[in-house]
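Protein chains in written order, with numbering that gives the first Met the number 0: chain A, 0 to 143; chain B, 0 to 143.
Number of protein chains: 2
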Amino acid sequence: MVDLREHVHRCGGRMTAQREAIYDVLCAASGHPTAEELFMLVRERVPGISLATVYNTLEMLVNTGLAVKISGEGPARYDTMCTPHGHTRCMHCSTVEDVPDAVVSALGADLSLPAGFIPWSVSVEVKGICAECARQGAEASTDA
Amino acid sequence: MVDLREHVHRCGGRMTAQREAIYDVLCAASGHPTAEELFMLVRERVPGISLATVYNTLEMLVNTGLAVKISGEGPARYDTMCTPHGHTRCMHCSTVEDVPDAVVSALGADLSLPAGFIPWSVSVEVKGICAECARQGAEASTDA
DNA sequence: CTCCGTGCAAATCGTTTGCACACAG
DNA sequence: CTGTGTGCAAACGATTTGCACGGAG
């Protein structure tokens with residue numbers, strides 16, 4: 000969580016109420032919201048905001064290193080945590096959770112990359128079933 | 000590369016010329032083709048085939064474990080190599096290459112997953128610049 | 001005053017779906 | 001024969017774009 004105004008200025012951009020609201024909401028969001036979800040939340044604070052602005056701002060945040068875009072199945076999700084980490088994705092409810100771990104950042108060095116490939120970032124995604132869905136699944140099979 | 004006819008039957012499906020062609024082409028493809036690319040290639044062998052059939056068949060192959068779907072930025076790419084491995088993705092030309100490595104499969108155990116999360120598969124993607132694009136980039140800056 | 005960022009609506013792109021027919025089993 | 005897989009075209013969801021205006025600097 001940095002001073003957005005200062006950050007934006009350093010990157011040659013302008014500060015707006017929309018950008019502040021989007022960044023605030025993204026930082027405060029518990030999960031890893033999609034652009035649409037973020038849009039819904041931000042609209043409570045900036046009623047007239049448009050979805051395109053949310054996309055624009057998110058792209059700016061990603062390009063300037065303040066956020067990370069997690070793309071995979073379905074709509075992309077966004078994350079502000081900028082230390083290297085992986086994600087889990089529930090195959091049932093598609094929730095994304097963080098996997099803070101030094102292993103992730105150390106990984107790059109261990110991989111035998113194609114000759115000449117210049118690595119920039121490593122992302123790790125663990126697909127599976129989240130605790131919540133596993134619990135419900137167990138209940139369901141108990142009920143049946 | 001398995002006997003597709005037998006595999007499909009074991010999974011309760013039917014064998015068709017389209018499915019055979021798609022699987023053949025996917026196995027023979029050097030890179031990691033998108034559905035669209037695959038469609039173009041398969042059309043040379045089965046001129047009347049439809050893109051929907053390519054999507055259907057790919058989904059079947061993925062569901063039955065004969066192929067892997069690599070989704071991320073842009074269109075999804077497909078891969079037949081079924082031993083655990085990671086991928087590199089060039090940020091410039093978006094080429095996807097394989098990273099065969101035991102580290103990837105061993106990774107799951109080392110990560111501190113959220114409590115209760117049941118892992119199913121681990122995917123690793125290294126973003127960066129591929130050798131080809133790096134070479135061209137170097138040339139370009141030399142020229143300038 | 002100058003442009004960058006915005007809002008809106010339409011366009012685009014990848015993928016899925018509904019339907020009638022064909023052909024594998 | 002029976003029902004699954006096919007081809008087509010239309011629908012769909014996520015994201016991008018073009019354009020004119022408004023507000024930050």
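Even glycine gets a Cβ: it sits at the ideal position worked out from N, Cα and C.
Chain B within 8 Å of residue i, Cβ atoms only
i      : result
A/A143 : Residue placement at A/A143 cannot be trusted, given a pLDDT of 47 that sits under 50; what the coordinates show is reported in the next sentence. Taking Cβ atoms only, chain B never reaches closer than 8 Å to A/A143, which makes this a no.
A/M80  : no
A/C92  : no
A/A133 : yes
A/C10  : no
Contacting residues, own chain, Cβ-Cβ under 6 Å from residue i (five flanking each side not counted)
i      : result
A/C129 : C89, T94
A/F38  : L50, V53
B/T56  : R18, I21
A/L40  : V24
B/A28  : none
B/M14  : R4, V7
Cutoff 8 Å: residue i Cβ touching any chain A Cβ
i      : result
B/V98  : yes
B/A137 : no
B/T87  : yes
B/L110 : yes
B/A130 : yes
B/E19  : no
B/M14  : no
DSSP-derived helix/strand/coil call for residue i
i      : result
B/H6   : helix
A/A143 : Its pLDDT being 47, under 50, A/A143 is placed unreliably in this model, and the value from its coordinates should be taken loosely. Reduced to three states, the DSSP call for A/A143 is coil.
B/P13  : Pro is not the amino acid found at residue 13 of chain B; the sequence shown has Arg there. Note: B/R13 maps to coil in three-state DSSP.
B/V24  : helix
A/V95  : strand
B/V41  : helix
A/V1   : coil
B/Q33  : According to the sequence shown, residue 33 of chain B is Thr rather than Gln. Strand.
Bridge partner(s) assigned by DSSP for residue i
i      : result
B/I117 : A/I128
B/C89  : B/G127
A/Y77  : A/K68
B/S122 : A/E124
Cβ neighbours of residue i in the same chain (closer than 8 Å, five flanking residues each side left out)
i      : result
A/G64  : C81
A/V45  : A16, Q17, A20
B/A143 : Below a pLDDT of 50, predicted positions are generally treated as unreliable, and B/A143, at 47, falls in that range; no measurement from the model is reported.
A/H91  : I128, C129, C132, G136
B/V98  : H84, G85, H86, T87, V123, V125
A/E138 : none
B/V1   : L65
Check: residue i C-beta below 7 Å from any heavy atom of the ligand FAD
i      : result
A/K126 : Among the components modelled here there is no ligand, and therefore nothing to report on the ligand FAD.
Close Cβ partners of residue i (< 7 Å) along its chain, the five nearest in sequence each way excluded
i      : result
A/A66  : L25, L57, L60, Y77, D78, T79
A/G73  : S93
B/K126 : R88, M90
B/I181 : Limits of chain B in this structure are 0 at one end and 143 at the other, which puts residue 181 of chain B out of reach.
B/G71  : R88, E124
B/L112 : P118
B/R10  : What sits at residue 10 of chain B in the sequence shown is Cys, not Arg. These residues qualify, in order along the chain: T63.
task = Anything in the segment 114-127 of chain B with a Cβ closer than 8 Å to a Cβ of chain A? List those residues in chain order, please.
result = A114, G115, F116, I117, P118, W119, S120, V121, S122, V123, E124, V125, K126, G127
Requested in this report: Mind checking the segment 22-50 of chain A against chain B and listing, in chain order, the residues whose C-beta falls within less than 7 Å of any C-beta there?
Outcome: none
Query - Against chain A: residues of the segment 54-78 of chain B by CB proximity under 8 Å - result: S70, G71, E72
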